[in-house]
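Participant: Mind the numbering: the sequence shown is residues -22 to -1, 1 to 252 in mature numbering (1 follows the signal peptide of the UniProt record, and there is no 0), read in order. There's a structure below that I have some questions on.
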Amino acid sequence: MKYKVVLTACVGMMLMASTGYAAVQYHSLTNKDGEVVYETKSTKDYGKTESKDEIERYKAFYELKDKVLKNGEAGLFYMVANNPNHETILGTKVTIFQDLSQLRDKITDKSIKIADKVNGNYTFQKADVIFKNAQEVNPPSSEEKKKMAEKLRKQAEESNQGYAMMPVEMTDQFFLLFATYQNGEDKIGVNITNLSGKSEPTMYIDENVEFKQEKVQVKGVEMLHTEFAPSQTHELKWVYESPDKKVKYAYTLRGDINKVSKETLMKLAEGYLE
């Protein structure tokens, strides 16, 4: 499936080429009190469009970030080109775990469920985890941001490299966890997103995307089942919320629609709800 995902403050956006599909239906998930804890909307409702400068600057940033940062590192970048407002970009690179015990040790919230196996014979292979950096956990003031941007701007212009980067300390709070379970050539993905502190977690999906979405119930918990036609993949998503509602995690189970049925995904979800 060819699509672009933009994750900013737990906002996801999918953009994909259209080949014609039925009218799109967007849905939301609610908790036991009827409050919306997750929803999907059209990109028309996003309300923000990127300028040409932003598109070019972020394209260069992503390429640079992959070269400059090592796995598990974060940095504050200043890009000289296409930056009329002298803005910085905060970037983090994934930490890769191939040892399940090391992953479990690193995740401080032990209520998060990371299975040894799923569907009986799909075993854990690896997990790509994005941890929050210090500036995400304790955001600097607007004045501090300006000072850092000006300092990096001067460094970038003096170095003639086209950019400057300041390392940012990492924390042990995770933001995204992408786990892969494998049986031969077949894979099942389990993604966990930390939504704590986010008032309206939303995924924006372009209306031209070929997908079908429906709400299902598993053990009394509302879930979204979504099929993506071009890639022949589907996913089942639900939100765990702590009794005091301060902690929120979105769980997503994903697999090949021809090898893992919707019923199988729902059965797997039961194990995470126990």
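Every residue, glycine too, gets a C-beta built ideally from N, C-alpha and C.
Find the nearest neighbour of residue 265 within the set Val225, Lys197, Thr21 and Met144, judged by alpha-carbon distance.
Facilitator: An answer regarding residue 265 cannot be provided, because it is not within the stretch -22 to 252 covered by the chain.
Participant: Can the beta-carbon of Ser174 be found closer than 8 Å to that of Val225?
Facilitator: For the purposes of this step, residue 174 is identified with residue 196 of the sequence shown, where counting begins at 1. For the purposes of this step, residue 225 is identified with residue 247 of the sequence shown, where counting begins at 1. Going by C-beta atoms, Ser174 is nearer than 8 Å to Val225.
Participant: Classify Ala207 as helix, strand or coil using the three-state DSSP reduction.
Facilitator: Along the sequence shown, read from residue 1 onward, the residue named residue 207 stands at position 229. It is coil, neither helix nor strand.
Participant: Under 8 Å: do the stretch 122 to 135 and the stretch 88 to 100 share three or more Cβ pairs, one atom per stretch?
Facilitator: Short answer: they don't touch.
Participant: Indicate the three-state DSSP secondary structure (helix, strand or coil) for Gly98 in the structure shown.
Facilitator: Reading the sequence shown from its first residue, position 120 is the one you call residue 98. DSSP places Gly98 in coil when its eight states are reduced to three.
Participant: Enumerate, from N- to C-terminal direction, the unbroken beta strand (DSSP E) stretches of 3 or more residues contained entirely within the stretch 32 to 102.
Facilitator: 52 to 57, 66 to 70 and 73 to 75, all fully within the stretch 32 to 102.
Participant: Quick check: what's the CA-CA separation for Glu205 versus Asn138?
Facilitator: Here residue 205 is taken as the residue at index 227 of the sequence shown, counted from 1. Here residue 138 is taken as the residue at index 160 of the sequence shown, counted from 1. So the two alpha carbons sit approximately 48 Å from each other.
Participant: From Thr251 to Glu34, what distance separates their C-alpha atoms?
Facilitator: Counted from its first residue, the sequence shown places residue 251 at position 273. Counted from its first residue, the sequence shown places residue 34 at position 56. Here residue 251 is Leu; the residue named in the question, Thr, does not match the sequence. Rounded to the nearest angstrom, the two C-alpha atoms are 43 Å apart.
Participant: How is Thr27 classed by DSSP in three states: helix, strand or coil?
Facilitator: Here residue 27 refers to the residue found at position 49 of the sequence shown. Of the three classes helix, strand and coil, the one that applies to Thr27 here is coil, per DSSP.
Participant: If you run the structure through DSSP and keep just helix, strand and coil, what is Glu213?
Facilitator: As a working mapping, residue 213 is identified with position 235 in the sequence shown. Strand at Glu213.
Participant: Suppose you measure from the CA of Lys193 to the CA of Asn169; what does that come to, to the nearest Å?
Facilitator: Your numbering for residue 193 matches position 215 in the sequence shown. Your numbering for residue 169 matches position 191 in the sequence shown. Each residue's Cα considered, the two are about 19 Å apart.
Participant: Once the 5 residues before and after His212 are set aside, which same chain residues still bring their CB inside 6 Å of it?
Facilitator: To locate residue 212, count along the sequence shown from 1; it is residue 234. Here the set comprises Glu205 and Ile235.
Participant: Might you give, ordered along the chain, the residues of its own chain that have their beta carbon closer than 7 Å to the beta carbon of Lys19, omitting 5 neighbours on each side?
Facilitator: Looking up residue 19 in the sequence shown gives position 41. Excluding residues within five positions, the ones whose Cβ falls inside 7 Å are Tyr4, Thr180 and Tyr182.
Participant: Could you tell me whether the stretch 7 to 23 touches the stretch 31 to 50, where touching means 3 or more Cβ pairs closer than 8 Å?
Facilitator: Touching, no.
Participant: Examine the Cβ distances between the stretch 92 to 107 and the stretch 151 to 160 and report whether three or more of them are shorter than 8 Å.
Facilitator: Judged by Cβ distances under 8 Å, the stretch 92 to 107 makes contact with the stretch 151 to 160, as three or more pairs qualify.
Participant: Beta-carbon separation of Val196 and Leu68 under 8 Å?
Facilitator: Working through the sequence shown from its first residue, we reach residue 196 at position 218. Working through the sequence shown from its first residue, we reach residue 68 at position 90. Not closer than 8 Å, so no.
Participant: Do you know how far the Cα of Lys48 is from the Cα of Thr66?
Facilitator: The residue labelled residue 66 in the question sits at position 88 within the sequence shown. The residue labelled residue 48 in the question sits at position 70 within the sequence shown. The straight-line gap from Cα to Cα measures roughly 19 Å.
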